[in-house]
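Sequential numbering of the first sequence, starting at 3, is according to the working numbering.
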Amino acid sequence: MAKTGLPKQEEDFPGWYQEVVKQAGMAEHGMSKGTMIIKPHGYAVWEFIQRALDDRFKATGHENVYFPLFIPQHLLQKEAEHVEGFAPELAVVTHGGGEELEEPLVVRPTSETIIWHTYKNWIQSYRDLPLLYNQWCNVVRWEKRSRLFLRTTEFLWQEGHTAHATSEEAWEETVRMLDVYREVSEDVLAIPVLKGRKSASERFPGAVETLPIEGLMRDRKALQCGTSHFLGQNFAKAYDVTFLNENGEQDHAWATSWGFSTRMIGGTIMAHGDDRGLRLPPAVAPVQVVIVPIYRSDDERGGVLVAADKAKAALSGNGIRVKIDDRDQHRPGFKFSEWELKGVPIRIEIGPRDVEADQVVCASRLDGTKQTLSSSQVISQMPKLLDGIQKGLLKEALDFRTENTHEANDFETLTSGINEAGGFWVGGWCESPECEEKVSAATSATIRVLPLEKEDPGVACAVCGQPGTERATWAKAY
RNA sequence: CGGGAAGUAGCGCAGCUUGGUAGCGCGCCACGUUCGGGACGUGGAGGCCGGGGGUUCAAGUCCCCCCUUCCCGACCA
C-alpha cells in the first residue's frame with residue numbers, strides 16, 4: 003500500500019490540505035507575515051487558469067491594462083463604504099527614499115479607487131463608453147489569519163473594471179462576467195458552482211450588488227470562487243466621472259468590477275483531492291500524462307526508454323503535455339505515489355513485458371483503475387481518456403454537492419443541519435439582518451448565495467417564521 | 001486582536017524536569033546491490049539550539065525582554 007504521509011481527509015482536512023500543498027510542491031509560506039511563495043507546480047496551474055480567463059475576456063471584448071501598485075491615501079477615502087470596508091486591512095507605505103512621505107501610499111487592496119480616479123480623464127462622452135478593461139496584478143490585504151492560497155496577505159488575481167453608459171448595460175456586463183467565472187470553474191477547474199447574489203451584509207464595500215459563484219469543498223464547506231460586482235454609479239459619483247449622453251445631458255457612468263484569484267488553486271485542491279493527494283483536472287494539469295519506465299538491466303532500460311520516447315512523441319504531437327520520469331534514483335513504486343500526489347491525471351507504465359507485446363499499462367488518477375492498451379490505442383484514445391477524467395471530476399463534485407444540499411424550513415433543522423452535516427442548506431428568508439445574524443451566531447455559517455433573479459421561496463423565513471421573500475443558501479465557508 | 005502551542009541540520013522531532021563533548025529519523029552526497037505500488041547495505045557531508053540581555057567556572061537546558069510561525073476564534077477573496 004502507498005504511504006503518502008498525508009493525514010486522512012476525513013480526520014483532519016486542514017492538515018491534509020496543508021500537507022498536500024507542501025508535499026505536491028504547490029506553495030509554501032513566505033518570510034513575512036501571511037505571505038506565500040508559489041512554487042513551479044502551483045504557478046503552472048495558475049498559468050492555465052490565467053489563459054482560460056484571458057481568452058474569455060478577449061472574446062468578450064476586454065483589453066488588459068496596468069495601474070500602479072501604490073494608491074495615494076486621499077484617493078482611497080472618497081467612497082465612504084469602500085473606505086470603511088477596506089480600512090482595517092490596508093498596508094500603508096509611510097517612508098520612501100529614506101524620508102517620511104508627505105502623503106502615505108496605500109498598497110492596493112483592489113484598484114477601483116485609482117482606476118475610477120483615472121477614468122474621470124478618459125470619459126467625456128457616451129462615445130467613449132464602454133471601457134472594458136482588466137488587469138492582472140497582485141493585491142495586499144492585511145488579513146488576521148492566513149491559509150495557503152485561500153487567504154494570504156498578498157495574492158495574485160485579475161480585476162476587471164468596466165464603465166458603461168447605462169445601468170442595463172452595466173448589469174448585463176456584471177452577469178456576463180459572472181458566467182465567464184462559472185464557465186471557467188466548471189469547464190476548466192471541474193468545480194460546479196452556484197451562481198447568485200450576496201445578501202447586503204456580504205456585499206463588496208461600495209457595490210450595489212455582489213454576484214458570487216460558490217463551490218463546495220470535500221469537507222462540506224463552501225468556497226467563494228469569484229465575484230462580479232454591479233457598482234451602480236457609486237464610484238462615478240465619488241470620483242466625479244461624468245459624460246454627455248446621447249440626449250446631451252450630463253450623467254454619471256455605471257460601473258462593474260470582477261475578480262478571480264489564486265485562491266482557486268486551493269479550491270481545485272480542496273474540491274478534488276483525495277487521500278493520495280491532488281487530482282488535477284486535465285485542463286490545468288501541467289503534466290497530463292506521465293510515463294514511468296520500468297526496467298532492471300541496462301538492456302531493458304534501453305528498449306523501454308525507446309518505447310517511452312516514441313509514445314511521448316506521438317502524444318505530444320497531439321498537443322498533450324507528457325513527461326517521462328526516467329530518474330534512475332527512484333523505483334517505480336515511488337514514482338507512482340509521487341505523481342499521484344502531484345495530481346497527474348494519467349500514468350503510463352512501460353516495462354519489458356509491454357515492449358515485447360507492443361502495449362502499455364494506463365492508470366487513471368480519477369479512480370485508480372488500470373488498463374492495458376496497445377501502443378496505437380493509447381495514442382488514439384488519450385484525448386478521450388483525458389476528457390473522461392475532466393468530466394468525471396466535475397460529475398463527482400456535482401454528485402457530492404447534490405448529496406450535500408438540503409432543505410430546511412425551521413431554525414432547528416437549519417442550524418443543527420449546518421453544524422452536524424455541513425454542506426449547503428436552502429431555506430426561506432425574510433431579508434432581515436437579524437435573522438441572518440441569528441443563524442451565523444448559532445453556526446458560524448453565512449448566506450452564500452441568493453438566486454440571481456429574486457424569487458418567492460413559497461415558504462416562511464426559516465428563522466422567524468414570517469413570510470419568506472428570498473430563497474437563501476447557507477453554508478460554512480472558507 | 002483575544003485563547004492555546006511551538007521555534008534545535010533541508011524536513012520531522014528528541015534533549016530542557018535535575019546546567020557539563022549537539023542527537024535521532026527522513027532527505028542529501030559517494031559506492032555497491034536493487035527496480036511491475038513509496039528498496040537496502042556501507043561510508044560521508046551538513047548546526048551562531050529564533051534574536052538580545054542576564055545568572056553561572058560552565059547555558060540548547062535556568063531567569064527577563066523581543067521576534068516569528070502554527071492551531072482555535074473575531075475580520076475577510
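For each residue, glycine too, the CB sits at the ideal point set by N, CA and C.
Check your understanding: Is I271 closer than 8 Å to I293 when the C-beta atoms are compared?
Key -> no
Check your understanding: Under 8 Å, do E409 and G429 count as touching if we go by C-beta distance?
Key -> In this structure, G429 lies closer than 8 Å to E409 by Cβ.
Exercise for review: Only counting runs of 4 or more residues, tell me where the alpha helix (DSSP H) segments fall wholly within the segment 397-477, in order along the chain.
Suggested key: 413-422, 435-445
Check your understanding: Hey, would you say L388 sits closer than 8 Å to Q290, going by beta carbons?
Key -> yes
Point to revise | Backbone CA spacing between R220 and E188 [nearest angstrom] | key: 16 Å
**Study point:** Proximity of W1 and G162 at Cβ, strictly below 8 Å
**Key:** A question about residue 1 goes unanswered here, because the residues of the chain that appear run from 3 up to 480.
**Study point:** Through-space distance from K146 to V47, alpha-carbon basis
**Key:** 27 Å
Review point. Assuming Y135 contacts H84 under a Cβ cut-off of 8 Å, what Cβ separation, rounded to an integer in Å, is found between them?
Key: Actually they are not in contact, since the Cβ atoms of Y135 and H84 sit about 19 Å apart, beyond 8 Å.
Point to revise | CA-to-CA distance, I39 to G32, given in whole angstroms | key: Straight-line spacing of the CA atoms in G32 and I39 works out to 5 Å.
Review point. Given a threshold of 16 other Cβ atoms within 10 Å of its Cβ, counted over all protein chains shown, does T164 qualify as buried or as exposed?
Key: Looking at its Cβ environment, which holds 16 or more other Cβ atoms inside 10 Å, T164 is buried.
Practice item. In angstroms with no decimal places, state the Cα-to-Cα distance between E398 and F15. Key: 18 Å
**Study point:** Proximity of R473 and E455 at Cβ, strictly below 8 Å
**Key:** no
Check your understanding: What whole-angstrom Cβ distance do Q392 and P284 have, given they're in contact under 8 Å?
Key -> 5 Å
Review point. Nearest to I381 by alpha carbon, out of G370, W427, K314?
Key: The candidate whose alpha carbon is nearest that of I381 is K314.
Practice item. Run the CB neighbour count on K35, radius 10 Å, all protein chains shown included, and call it buried at 16 or more, exposed below. Key: That one is exposed.
Check your understanding: For the candidate residues P469, P453, N421, G460, whose alpha-carbon lies nearest to that of C437?
Key -> Nearest option by C-alpha distance: P469.
Point to revise | Residue of V286, P354, A310 minimising C-alpha distance to K344 | key: V286
Exercise for review: Express the C-alpha separation of G208 and A2 in angstroms, rounding to a whole number.
Suggested key: As shown, the chain starts at 3 and ends at 480. That puts residue 2 outside it, with no answer to give.
Practice item. Report the rounded CA-to-CA distance for P111 versus E91, giving the unit in angstroms. Key: 8 Å
**Study point:** Residue interval of the beta strand (DSSP E) (run including R178)
**Key:** Premise fails: R178 lies in the alpha helix (DSSP H), 169-185, not in any beta strand (DSSP E).
Practice item. State the beta-bridge partners of D356 as determined by DSSP. Key: D356 pairs with nothing; no bridge assigned.
Review point. What do you get for A1, buried or exposed, if any count of 16 or more other CB atoms within 10 angstroms of its CB means buried?
Key: Not covered by the structure: residue 1. The range shown for the chain is 3 to 480.
Exercise for review: Can you say whether N66 is buried or exposed, counting buried as having 16 or more other CB atoms within 10 angstroms of its CB?
Suggested key: exposed
Check your understanding: Between the segment 213-229 and the segment 86-100, do at least 3 Cβ pairs fall closer than 8 Å?
Key -> no
Practice item. Classify I391 as helix, strand or coil using the three-state DSSP reduction. Key: helix
Point to revise | Nearest-angstrom beta carbon gap, I322 and A273 [assumed within contact, 8 Å] | key: Between A273 and I322 the beta-carbon gap is near 23 Å, outside 8 Å, which marks them as no contact.
Check your understanding: Nearest CA to the CA of T212: which residue from K197, A310, G198, H231?
Key -> It is H231 whose Cα lies nearest to the Cα of T212.
Point to revise | Inter-residue spacing [alpha-carbon to alpha-carbon] between G250 and I125 | key: 15 Å
Review point. Rounded to a whole number of angstroms, what is the C-alpha to C-alpha distance between M3 and R349?
Key: Note that M3 scores 32 on pLDDT, short of 50, meaning its location in the model is unreliable; the coordinates nonetheless yield the value given after this. Their backbone Cα atoms lie some 17 Å apart in a straight line.
Practice item. Within the segment 237-301, note down every full beta strand (DSSP E) run reaching 3 residues or more, in order along the chain. Key: 244-246, 252-254, 256-263, 291-295
Review point. Alpha carbon to alpha carbon, how far is V243 from W427?
Key: Across the structure, V243 and W427 are spaced so that their CA atoms are roughly 42 Å apart.
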